[in-house]
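To start, the structure itself, in structure tokens.
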Amino acid sequence: MVSPIKSIGFKDLLLLGLLAIFITVIGVLYPYASYPELWGGYFYKAINYQWFLFIVASVFLFRNQFSKLIKKELSYQEVWVVSVISGVFIIWVAYYTSYYTSYIIGAISFSFVLYLSILLIYNKRKKSFKLEERKEKYANQKIDEETANKLINEIDAVLRTEALYRNSNLTIVQLAKKLHMRPHIISQVVNDHLKTNFPLFINSYRIDEAKQRLQTSPNLKMEIIAEECGFNSTSTFYAAFKKLEQTTPAKYAKSQLIKTPDV
Numbered sequence: 042m043v044s045p046i047k048s049i050g051f052k053d054l055l056l057l058g059l060l061a062i063f064i065t066v067i068g069v070l071y072p073y074a075s076y077p078e079l080w081g082g083y084f085y086k087a088i089n090y091q092w093f094l095f096i097v098a099s100v101f102l103f104r105n106q107f108s109k110l111i112k113k114e115l116s117y118q119e120v121w122v123v124s125v126i127s128g129v130f131i132i133w134v135a136y137y138t139s140y141y142t143s144y145i146i147g148a149i150s151f152s153f154v155l156y157l158s159i160l161l162i163y164n165k166r167k168k169s170f171k172l173e174e175r176k177e178k179y180a181n182q183k184i185d186e187e188t189a190n191k192l193i194n195e196i197d198a199v200l201r202t203e204a205l206y207r208n209s210n211l212t213i214v215q216l217a218k219k220l221h222m223r224p225h226i227i228s229q230v231v232n233d234h235l236k237t238n239f240p241l242f243i244n245s246y247r248i249d250e251a252k253q254r255l256q257t258s259p260n261l262k263m264e265i266i267a268e269e270c271g272f273n274s275t276s277t278f279y280a281a282f283k284k285l286e287q288t289t290p291a292k293y294a295k296s297q298l299i300k301t302p303d304v
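And the structure:
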């Protein structure tokens, strides 16, 4: 699944650009100095309601990031997005209720949100730097073959018995917590001893189950197989299957139909 953070494209920017032009034209045609009643009534309400709708749309678009906020699993980029949306909402509330308080509340809220965002980003970057330092520290500590094989067996046992790979959002941190290991240990074992990366490693389990399903139920829809095996889209399923099996799921299923049993 493509992250909403990366899915904002040309059409979205074009829409925002047209909206900005429309607002500018309204401001030129109906300046506040000449139409104070219009701005104090209709335009003020329209701006506030439109602003609120954009906030609601943003929360819906980034709902996965907000759910991660509760679990404290946000990345540096996601912290920035959540803090911006939350900050804009606080500013909107301040200005929307300014009729009962004062417009100075809006300015104070803006300053508070700005400083809070800077503080959050600073702390997140600081943690990221510490994590990188830890990775460098452990980079030179090689895991011997015997220990690596034991760790691989533990990882394999948990993944298969609990079918954790069916979780399309499974991360190395979540797996590490389940195994009571440090994430860098799993990463080192997968990279150095299995000669692969974590996403491809997890996909191998998903593809193994997909192959079993294609053998037992070759007429089952690919969308269902992909979803039940842990893929968040059919295209990702096809790409992973082709990479690991050098064929497509459809061709593999067909080969199972025409395969004759050994005599």
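Note that the working numbering has the sequence shown beginning at 42, numbered continuously upward.
Just so it is clear, CB atoms sit at the ideal spot from N, CA and C, and this is done for glycine as well.
Quick one: Cα of E195 to Cα of L216, how far? 11 Å
Quick check on the DSSP output: what are the complete alpha helix (DSSP H) runs of length 4 or more inside the segment 45-95, in order along the chain? 51-70
Residue closest to S296, alpha-carbon to alpha-carbon, out of F84, T257, L70, Q229: T257
Using DSSP with H/G/I as helix, E/B as strand and the rest coil, what is F239? If DSSP states are grouped into helix, strand and coil, F239 belongs with the helices.
By Cβ distance, which residues of its chain are closer than 7 Å to E268, with the 5 residues on each side in sequence left out? none
Measure the Cβ-Cβ separation of A189 and V230 and say whether it is below 8 Å. yes
Going by DSSP in three states, R223 sits in which element: helix, strand or coil? coil
Status (buried if at least 16 other CB within 10 Å, exposed otherwise) for P290: buried
Measure the Cβ-Cβ separation of N244 and L285 and say whether it is below 8 Å. Yes; because the gap between Cβ atoms is below 8 Å, this pair is in contact.
Answer yes or no: do I88 and I126 have a C-beta to C-beta separation smaller than 8 Å? no
Among S274, K252, I266, nearest to N210 - alpha-carbon criterion: With distances taken between Cα atoms, N210 lies closest to S274.
Can you tell me which of V69, H225, W80, L261 puts its alpha carbon nearest to the alpha carbon of K183? H225
Would you kindly report the start and end of the unbroken alpha helix (DSSP H) that includes D197? 186-203
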